[in-house]
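Taking it in order: structure first as structure tokens, then the write-up.
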Amino acid sequence: MTTLDVSETEINEACAKLKRDAVAGGYVLNSDTGFVERLVSGILTNERRYGYPACPCRLASGKKEDDLDICCPCDYRDPDLDEYGACYCALYVTRAVHEGQQALTSIPERRPGRALRRAKLQTQPTATHPLAPLPYPVWRCKVCGYLCARDQPPGICPVCKATKERFERFM
Amino acid sequence: MIVEHVNGKDKGNVMLYALSTCQWCAKTKVLLGELGVSFDYVFVDLLESQEQDETMDAIERVNPKGSFPTLVINGTRCIVGFREQEIREAFGG
Ligand code: SF4
């Protein structure tokens, strides 16, 4: 595998978009712009390499269906922001970290390891819905927790812009 | 396997498992350079699939999460993540 060069223009455009989306969704990016640019470059590199924007600080498998949880923004961002003040890569931080009231450090990995992920894939229970029958199924965005009741999840999460495959049946 | 070597003071066998896209890994590499330690590093994301699997097996033996960066000193001591203080202390920096 080779390193696929990403141009400066692409990085700048992606950073601008990331910033717009972060502001719109109430999120805050790391104030170290060089650090952010290098992470964005990593996400763009992964997008070319694997066909999906895998987290730059995690090893992607090359199979999108196995890595949906680590497509940026990952399923672990919000719990990590709550617990540690930053996402695993420190691309996103809390306001407290941004304003220097809380120190930014490298945090533990929340994603289960390879063996656990494999075991979980095999024992995935078929969801039972104790509250059924509901007039509509309820879908939950695994990235931000947005809930909606409709036949299918939306194509794009209206809150955090995650794509349809990031939704799970909630009720 | 593409293992790169950085010359420096001999502090035992120092191996850094990293990803080419990860910024905590980059910071760890810079810190080791700053401390002037002799070390090896490998970008696991750039390995071919079989080598990558074997390397992940090796990493998981010392760090079951298989996360990055994983720094292994003399095959036994392991520092996971960019733990600046711990890394400095490990090399008496
Ligand atoms: S939100 Fe942070 S930890 Fe999650 S994929 Fe994006 S950069 Fe990585």
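Those protein sequence lines, which keep their order, are chains Y and L.
In the numbering used here, each residue carries its 1-based index in the first sequence increased by 816.
In the numbering used here, each residue carries its 1-based index in the second sequence increased by 30.
Here a beta-carbon is modelled for each residue, glycine too, at the ideal position from N, C-alpha and C.
As the structure is a prediction and not an experimental result, all values here were calculated from the model.
Closest option to residue 985 of chain Y, judged by alpha-carbon separation, among Y:896, Y:964, Y:978, Y:974: Y:964.
Judged by DSSP secondary structure, residue 86 of chain L falls within the alpha helix (DSSP H) whose first and last residues are 79 to 92. These are the residues, in chain order, with a beta carbon less than 5 Å from any non-hydrogen atom of the ligand SF4: Y:871, Y:888, Y:889, Y:890, Y:893, Y:903, Y:904, Y:905, Y:907. Contact annotation: in the segment 843 to 873 of chain Y, residues whose CB is within less than 7 Å of a CB in chain L are 851, 854, 855, 858, 861, 862, 872, 873. For residue 912 of chain Y, the closest alpha carbon among the candidates Y:890, Y:900, Y:905 is that of Y:900. Excluding its 5 nearest sequence neighbours in each direction, residue 977 of chain Y has C-beta neighbours in its own chain below 8 Å: 837, 841, listed in chain order. Looking from the CA of residue 99 of chain L, the closest CA among L:78, L:92, L:49 belongs to L:49.
Residue 959 of chain Y sits in coil when the DSSP states are folded into three classes, being neither helix nor strand.
Unbroken beta strand (DSSP E) runs of no fewer than 3 residues, entirely contained in the segment 34 to 72 of chain L, are found at 34 to 36, 44 to 48, following chain order. Annotated as distal: residue 878 of chain Y and residue 95 of chain L, with beta-carbon spacing of 8 Å or more. Interface criterion not met: the Cβ of residue 46 of chain L is under 8 Å from no Cβ in chain Y. Residue contact check for residue 960 of chain Y against chain L: no CB pair falls below 8 Å.
Of the other Cβ atoms in all chains shown, 16 or more fall within 10 Å of the Cβ of residue 45 of chain L; this residue is therefore buried. Just measuring C-alpha positions, the residue of L:79, L:88, L:37 sitting nearest residue 62 of chain L is L:37.
By alpha-carbon distance to residue 983 of chain Y, the top candidate from Y:955, Y:918, Y:887 is Y:955. With distances taken between CA atoms, residue 908 of chain Y lies nearest to Y:845 out of Y:845, Y:829, Y:860.
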